[in-house]
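Enquirer: Following full-length UniProt numbering from start to finish, the sequence shown increments by one per residue and tops out at 284. Every residue, glycine too, gets a C-beta built ideally from N, C-alpha and C.
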Amino acid sequence: MARIKLPPTIRQRRLGAELRRLREQAELNATQAGVLLGSSQSRVSSIESGGYAVSADRVRAMARAYGCADQALTEALAEMTGGRTRGWWDEYRDILPPSMLDMAELEHHARAMRIACVIHLPGLLQTRDHARAIISAVEPPLAPHEVEHRVSYRIKRQAILYGEQPTPLTAIIHEAALHMDFGGPGVARAQLEHLLSMSEQEHITVLVIPFGSGAFPSSGQAIVHLGGPVPHLDTVELDTDHGSEFLDTRPQLTRYRSTLNRMEALALESAASRDMIHHIAQGI
Numbered sequence: 001m002a003r004i005k006l007p008p009t010i011r012q013r014r015l016g017a018e019l020r021r022l023r024e025q026a027e028l029n030a031t032q033a034g035v036l037l038g039s040s041q042s043r044v045s046s047i048e049s050g051g052y053a054v055s056a057d058r059v060r061a062m063a064r065a066y067g068c069a070d071q072a073l074t075e076a077l078a079e080m081t082g083g084r085t086r087g088w089w090d091e092y093r094d095i096l097p098p099s100m101l102d103m104a105e106l107e108h109h110a111r112a113m114r115i116a117c118v119i120h121l122p123g124l125l126q127t128r129d130h131a132r133a134i135i136s137a138v139e140p141p142l143a144p145h146e147v148e149h150r151v152s153y154r155i156k157r158q159a160i161l162y163g164e165q166p167t168p169l170t171a172i173i174h175e176a177a178l179h180m181d182f183g184g185p186g187v188a189r190a191q192l193e194h195l196l197s198m199s200e201q202e203h204i205t206v207l208v209i210p211f212g213s214g215a216f217p218s219s220g221q222a223i224v225h226l227g228g229p230v231p232h233l234d235t236v237e238l239d240t241d242h243g244s245e246f247l248d249t250r251p252q253l254t255r256y257r258s259t260l261n262r263m264e265a266l267a268l269e270s271a272a273s274r275d276m277i278h279h280i281a282q283g284i
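1. Alpha carbon to alpha carbon, how far is F246 from L238? Give it in angstroms, no decimals.
2. Determine the contact status of A133 and G183, defining contact as a CB-CB distance below 8 Å.
3. Of the choices T249, A33, I204 and V118, whose alpha-carbon is the least far from that of F211?
4. List the residues that DSSP assigns as beta-bridge partners of S244.
5. At what residues does the beta strand (DSSP E) containing H174 begin and finish?
6. Would you kindly report the start and end of the unbroken alpha helix (DSSP H) that includes H194?
7. Judging by CA-CA distance, which residue of D129, H232 and D241 is the nearest neighbour of D70?
8. Take every Cβ of the segment 102-114, pair it with every Cβ of the segment 153-170, and state whether three or more of those distances are shorter than 8 Å.
9. State buried or exposed for D234, treating a residue as buried only when at least 16 other CB atoms are found within 10 Å of its CB.
10. So, A112 versus T74, is the Cβ gap smaller than 8 Å?
11. With L207 as the anchor, note down where its beta strand (DSSP E) starts and where it stops.
12. Could you check how far apart the C-beta atoms of S267 and S273 are, in whole angstroms? I think they sit under 8 Å.
13. Ordered along the chain, which non-local residues of its own chain (more than five positions away) have a Cβ less than 8 Å from that of I135?
14. Among S40, I173 and H109, whose alpha-carbon lies nearest the alpha-carbon of S213?
15. So, for W88: in the same chain, excluding its five sequence neighbours on each side, which residues have a beta-carbon less than 7 Å away from its beta-carbon?
16. Determine the burial state of Y256: buried for a count of at least 16 other Cβ atoms within 10 Å of its Cβ, exposed for fewer.
17. In the structure shown, what three-state DSSP assignment does residue 289 receive?
18. Between the alpha carbons of R14 and L192, how many angstroms are there, rounded?
19. Buried or exposed for P122, going by 16 or more other Cβ atoms inside 10 Å?
20. According to DSSP, is G227 helix, strand or coil?
21. Whether or not the segment 197-209 and the segment 274-283 are in contact is what I'm after, with contact meaning three or more pairs of Cβ atoms, one per stretch, closer than 8 Å; do they touch?
22. Name the two residues that bound the continuous alpha helix (DSSP H) containing A65.
23. If you drop the 5 nearest sequence neighbours on each side, which residues of the same chain put their C-beta closer than 7 Å to that of A72?
24. Using 8 Å as the limit for Cβ to Cβ distance, is P8 near chain B?
25. May I have the straight-line CA-CA distance separating S244 from S99, to the nearest angstrom?
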């Protein structure tokens, strides 16, 4: 039986995209790059599309041929090689949309994360019941078993916040999200209590933007900034109505870093944020 070839992961696609950017900065086309590397135009193009697994040494050779003087970036790209690494999220490959699997892979490799939410709480900080209430309300409606698949998937993603080396997380949450009451009073109260408990972890910072803080540069969609091994390899994810949108060009990264900085500047300090969350929970 022929072996089914799996599509390239988002990590492989990002590596290919970065190698293409280095080539274009060197003002080389794929044919010229192939000559420099003792390869072919088709092989260079396949590497850049993420369809061909490339070794760390080959990545270093390509960066050198393209005149990349950023050694930290070169080594970070070399670390992204090694073929297709299967993660726990692959169990859901025939069940969930590819962008959801991409998000889990990005979170798995992120060095740190910063999230800004206006209406919904971050998925990484949601309780099972809160997640179920949110997922059950999507359009078009999901079948009960589909809801449970997505709930279990969301909860499994939270594993990055536990263990010996948990991922540092800063969550910037607008006060509006704390009042949404998804799932009813019992679920909402338990969710806020869980948020308080998580905010007490050393690696998790929860900051609340209170009503009346003024305008900030956001359309209301969740913004997730995933830190890479070097800033150049950061990724931004926008949680849109039609699914995840991933951004990784320098202008895009600069824009959303600035947006997050401005939102964070409007937020209360950690202690005051916890006091507000506690007060709202008590009032439910």
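Expert: Considering the structure as presented:
1. Approximately 7 Å, taken between the alpha carbons.
2. Yes, the Cβ-Cβ distance between A133 and G183 is below 8 Å.
3. Ranked by Cα distance from F211, the first of T249, A33, I204 and V118 is V118.
4. As a beta-bridge residue in DSSP terms, S244 pairs with D239.
5. That run of the beta strand (DSSP E) goes L169 to H174.
6. Residues P185 to S199.
7. The residue with the shortest Cα to Cα distance from D70 is H232.
8. The segment 102-114 makes contact with the segment 153-170; the number of CB pairs closer than 8 Å reaches 3 or more.
9. D234 comes out buried.
10. No. Outside cutoff.
11. I204 to I209 is the span of the beta strand (DSSP E), which, as asked, contains L207.
12. The residue you asked about is not Ser; residue 267 is Ala in the sequence shown. Right, their Cβ atoms sit about 7 Å apart.
13. Closer than 8 Å at Cβ, skipping near neighbours: L142, V147, R150, V151 and R154.
14. Measuring from the Cα of S213, the nearest candidate turns out to be I173.
15. Hits under 7 Å: K156.
16. So Y256 ends up on the buried side.
17. One cannot answer for residue 289 here, as it falls past the ends of the chain, which runs 1 to 284.
18. In a straight line, the C-alpha of R14 is about 36 Å away from that of L192.
19. Buried is the label assigned to P122, since at least 16 other Cβ atoms lie within 10 Å of its Cβ.
20. Strand at G227.
21. Yes, they touch.
22. Looking at the DSSP string, the run of the alpha helix (DSSP H) that includes A65 is A56 to A65.
23. Only residues of its own chain outside the window of five on either side were considered, and among them V230 have a CB closer than 7 Å to the CB of A72, listed in chain order.
24. Judged by its chain identifiers, the structure shown contains no chain B, having just a single protein chain.
25. The straight-line gap from Cα to Cα measures roughly 6 Å.
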